[in-house]
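Take 3 as the starting number for the sequence shown in the numbering used here and just add one per residue. Idealized CB from N, CA, C, for every residue including glycine. Owing to the predicted nature of the structure, the values given are computational and were not obtained by experimental measurement. Here the structure comes first, spelled out in structure tokens, and everything after it is commentary.
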Amino acid sequence: MGHLPTNPLQRRLRHAIHQSAQAYWAERCRSVGGTPGRRDIDPLDIPDLLPWVNLVDVYRREHGLAFRHRLIGTAIVEMWNRDSTGLWFHELYSQEKMARLRPPLEEAALTGRPRLVHDDLGDIGKPYWSLTSLVLPLAADHREVDMLMLVSQYE
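Here you go:
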């Protein structure tokens, strides 16, 4: 019998790219003894993931967390027909979309545990496409999350 995932999130990962990203992140966690930071992620280790990666800076503000796109993979830019690098989520997305995105992003940032985000692309004229992003927390000090690595797949 094959290996069965013990992590509940792992059991929900339908896409091979998400499974690969989660396995790489978990190995990096073991390697650094905590939450890996951006410097612990070597792009040469994950070339197949790079087009699907969105690095998001996490800012801790008086009124809560704020998110800003730091780097967006080429496949994501192509799907969205835009490069949102450097843009703030609250300026880019509608309140309705933020209401769907914010809870899993905040939970990943505050708990340091991976999450899944599900959404559609109706706001960019592609309601027939759905998006699933695996949200992997990153922490420069290996404790407090300061970045999220989202690995996205579209169907």
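DSSP-derived helix/strand/coil call for P106: Note: P106 maps to helix in three-state DSSP.
Which residue comes first and which comes last in the alpha helix (DSSP H) that contains L67? Judged by DSSP secondary structure, L67 falls outside any alpha helix (DSSP H) and instead within the beta strand (DSSP E) spanning 66-74.
Would you tell me roughly how many angstroms separate the C-alpha atoms of N83 and D122, rounded to the nearest one? Whole-angstrom Cα-Cα distance: 15 angstroms.
Leaving out five residues on either side along the sequence, give the residues of the same chain with a beta carbon under 7 angstroms from the beta carbon of R117. Non-local C-beta neighbours of R117 in its own chain, meaning closer than 7 angstroms and more than five positions away in sequence, comprise P106, E109, A110, V137, ordered along the chain.
Which class does T37 belong to by DSSP, given the choice of helix, strand or coil? Note: T37 maps to coil in three-state DSSP.
So if DSSP puts D121 in a beta bridge, which residue, or which two residues, is it bridged to? DSSP, once it has assigned bridges, lists L133 as partnering D121.
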